[in-house]
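Comments concern the structure below.
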Amino acid sequence: SQTIHQWPATLVQPVGSPLSLECTVEGTSNPNLYWYRQAAGRGLQLLFYSVGIGQISSEVPQNLSASRPQDRQFILSSKKLLLSDSGFYLCAFSPGQGGTDTQYFGPGTRLTVL
Amino acid sequence: GNSVTQMEGPVTLSEEAFLTINCTYTATGYPSLFWYVQYPGEGLQLLLKATKADDKGSNKGFEATYRKETTSFHLEKGSVQVSDSAVYFCALIPIQAAGNKLTFGGGTRVLVKP
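Chains as they are written, first to last, in the working numbering: chain A, 321 to 434; chain B, 72 to 185.
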């Protein structure tokens with residue numbers, strides 16, 4: 321079966337510190353991968369998506385970057401966090417190789433920047 | 072461009088009441104339509120989907136019908152439970168969308184009281 325994992329589940333970081341959030345997918349090959357952010361009480365904002373290894377599309381210019389070093393691994397990073405980076409970060413995938421376009425979400429990482 | 076509009080919450084109901092959450096969309100052609108649910112502190116779960124006009128998606132007592140003529144995908148449940156308290160997101164994927172990117176509505180918070 322297909323599963324998606326994210327870690328850490330929660331993170332508290334000081335302003336100016338670096339960030340690395342990791343997402344991995346199991347049970348499918350060449351998935352599309354996505355990073356979303358959900359600010360408190362608001363909807364979802366697509367940050368990045370990837371259709372293959374090393375292929376990253378940025379949807380919103382910002383303080384964050386994404387990388388896909390392996391087929392089923394997606395990493396969200398920042399060199400220096402801002403207060404406005406606080407939020408709930410969700411990774412998602414849609415199955416590759418002609419599978420459905422439906423996206424499946426991970427459990428999320430709650431990031432608080434102080 | 073593509074957009075999804077859903078009723079703002081919060082929607083407060085008593086247990087066993089009828090629930091309707093309105094969702095309308097703007098997109099060219101026949102997008103795929105989705106409802107996701109987010110329980111407190113968790114990621115998004117796919118609730119149901121429909122991929123063509125007049126399709127009805129259903130799951131866990133929830134239903135939504137793809138209405139091309141009114142560009143709508145309203146979510147309904149005949150008798151809600153306290154456990155249905157959550158935020159509900161309507162979303163679409165446009166036809167032939169690059170990367171199968173989802174466009175979300177702003178979310179509707181539903182609170183069911185015993």
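Even glycine gets a Cβ: it sits at the ideal position worked out from N, Cα and C. Treat the numbers as computed from the prediction; the structure is a model and nothing was measured.
Residue i to residue j span [Cα, whole Å]
i, j, result
"K399 of chain A", "L367 of chain A", "16 Å"
"I373 of chain A", "V380 of chain A", "20 Å"
"E342 of chain A", "V183 of chain B", "35 Å"
"S85 of chain B", "V151 of chain B", "8 Å"
"G177 of chain B", "V82 of chain B", "14 Å"
"L173 of chain B", "Y356 of chain A", "11 Å"
"G363 of chain A", "M78 of chain B", "13 Å"
"Q116 of chain B", "E140 of chain B", "28 Å"
"D421 of chain A", "R180 of chain B", "26 Å"
"G114 of chain B", "E87 of chain B", "26 Å"
"I376 of chain A", "P111 of chain B", "30 Å"
"A360 of chain A", "F408 of chain A", "8 Å"
"D155 of chain B", "A121 of chain B", "21 Å"
"N171 of chain B", "P415 of chain A", "11 Å"
"D125 of chain B", "Q423 of chain A", "22 Å"
Chain B contact residues for residue i, given Cβ-Cβ distances below 8 Å
i, result
"N352 of chain A", "G170, N171"
"G426 of chain A", "G114"
"L431 of chain A", "Under the 8 Å cutoff, chain B gives no residues; its nearest Cβ is about 14 Å from L431 of chain A."
"L410 of chain A", "G114, L115"
Cβ-Cβ separation, residue j to residue i (assumed contact under 8 Å), whole Å
i, j, result
"L146 of chain B", "Y159 of chain B", "6 Å"
"F425 of chain A", "L410 of chain A", "5 Å"
"L353 of chain A", "F413 of chain A", "5 Å"
Reference residue i, options the options, closest by Cα
i, options, result
"P334 of chain A", "A:G363, A:Q382, A:H325, A:L402", "A:L402"
"P389 of chain A", "A:T429, A:N350, A:S321", "A:N350"
"L331 of chain A", "A:V371, A:P415, A:D405, A:T422", "A:D405"
"F89 of chain B", "B:F133, B:K172, B:C161", "B:F133"
"V371 of chain A", "A:A386, A:Q358, A:Q382, A:Q365", "A:A386"
"Y101 of chain B", "B:T76, B:T142, B:L119", "B:T142"
"S321 of chain A", "A:S337, A:E346, A:Q358, A:G428", "A:E346"
Where residue i meets chain A, residues with beta-carbon distance less than 7 Å
i, result
"S103 of chain B", "D421"
"G178 of chain B", "G363"
Interface residues of chain B facing residue i [CB-CB closer than 7 Å]
i, result
"S414 of chain A", "N171"
Residue i: contacting residues in chain A (beta-carbon distance under 8 Å)
i, result
"F133 of chain B", "Result: empty, since nearest Cβ-Cβ is about 16 Å, beyond 8 Å."
>> Along the segment 354–388 of chain A, where does the CB come closer than 7 Å to a CB of chain B? Name the residues.
In response: The segment 354–388 of chain A vs chain B, Cβ under 7 Å: G363, L364, L366, Y369, V371, S377.
>> Please identify, using Cβ separations under 9 Å, the residues of the segment 111–122 of chain B that lie next to chain A, in order along the chain.
In response: Residues passing the 9 Å Cβ filter: G112, E113, G114, L115, Q116, L117, K120, T122.
> Between the segment 323–348 of chain A and chain B, which residues of the former have a C-beta closer than 7 Å to a C-beta of the latter?
Replying inline: Residues of the segment 323–348 of chain A that bring their beta carbon within less than 7 Å of a beta carbon in chain B are absent altogether.
> Of the residues that make up the segment 76–101 of chain B, which ones have a beta carbon closer than 8 Å to any beta carbon in chain A?
Replying inline: The segment 76–101 of chain B vs chain A, Cβ under 8 Å: nothing.
> Listed from N- to C-terminal order along the chain, which residues in the segment 141–167 of chain B have their beta-carbon within a distance smaller than 8 Å of any beta-carbon of chain A?
Replying inline: Listed by position, the residues of the segment 141–167 of chain B near chain A (Cβ gap below 8 Å) are F160, I164.
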